[in-house]
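Following: one structure in structure tokens, then a few remarks.
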Amino acid sequence: MTIHEPPTYEEGEPPCGQLPGSGNYTLILDGCDIYPSEPPSPFLYKLSSPVCQAAAQVYRLDKFRYRFSQTDGEGRLISRPDEIYEFQTKYTYSFKKLRSPVIIEGKTSRSRTNRCVMLEPSVTGWSSCSAEGHFKAKMSLWNQVTKGSRILWEDMAGVVVAIETRPGKKEVKKPEPLPRLEIKESLGERELDLLVACWAARLWKEAERDERPPMTWEGAKRTLRRKDNWFGSTALL
């Protein structure tokens, strides 16, 4: 168990004050759970599987909705998960796009979620990516030079709306660092939900790359022998 221990669903309080709508707060991804770093810290979102383990092919993002119920004179906070997005890889075969994009599909009304958003990586990988018409993520030049862990999320006007801190290498006798997303600008609920989905999808694809075993010579030959092999059905080796 990590040192970040959020309250149970029933003990939490609904998002208030800075959540959501105003900037300057931080979201933490702990396994499947996403919650703010500062109290009150209710669960805000939940993933169907831990994206940092890259063990699934399709992921669901739920958002918790809270309401205050009063029974027998006692108030009680009730939460209900509501599926808002689902994302998975859209496999394409193109010489122009060496990496397949992620399709993020809205699962509620169009007024609450975007129907379909494509998250595409840069030519250098998933440390930079873009959701056309919505957000783009990139590492600053300083972070590229120093191999830092900060990724800037910008809107289409180039305004930095969030700063992502990627987990670094785990140190001995220290808790494993957790991914964080610091919200810097005011975002509406619809925009924030999509940003969280893009963040989770980017982490998944990066983890998927890290979990993939390195290509061996035998593996390369098997790949070249696959059916049609881009140039026909004849094996090259």
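Numbered according to UniProt numbering, the sequence shown terminates at residue 237, and the numbering increases by one at each position without gaps.
Just so you know, even glycine gets a beta-carbon here, dropped at the ideal spot from N, CA and C.
The beta carbon of S122 lies closer than 7 Å to those of S128, C129 in the same chain, with the five residues before and after it left out. Cβ-Cβ separation between A207 and Q53: approximately 7 Å, consistent with a contact (criterion under 8 Å).
For S49 and I28, the gap between their C-alpha atoms comes out near 15 Å. Of L178, R180, W204, L194, the smallest CA-CA separation from R112 is found for L194. DSSP, read as helix, strand or coil, puts V117 in strand.
Straight-line measurement puts the Cα of V51 at about 11 Å from the Cα of D33. Comparing alpha-carbon positions, the option among S109, F43, E105 lying closest to R65 turns out to be F43. Judged by beta-carbon spacing, Y85 lies within the 7 Å limit of I104, meaning their Cβ atoms are closer than that value. Of P175, V161, V196, the smallest CA-CA separation from P167 is found for P175. As computed with DSSP, R60 is found in a beta bridge with E86.
CA-to-CA, the gap between W204 and R76 works out to about 35 Å.
Exclusion of the five residues before and after S37 leaves T26, I28 as the residues of its chain whose Cβ lies within less than 6 Å of its Cβ. Note on P39: under 16 other CB atoms within 10 angstroms of its CB, so exposed under the neighbour-count rule. As DSSP reads the structure, T124 sits in no beta bridge. Boundaries of the beta strand (DSSP E) around P36: 33–36.
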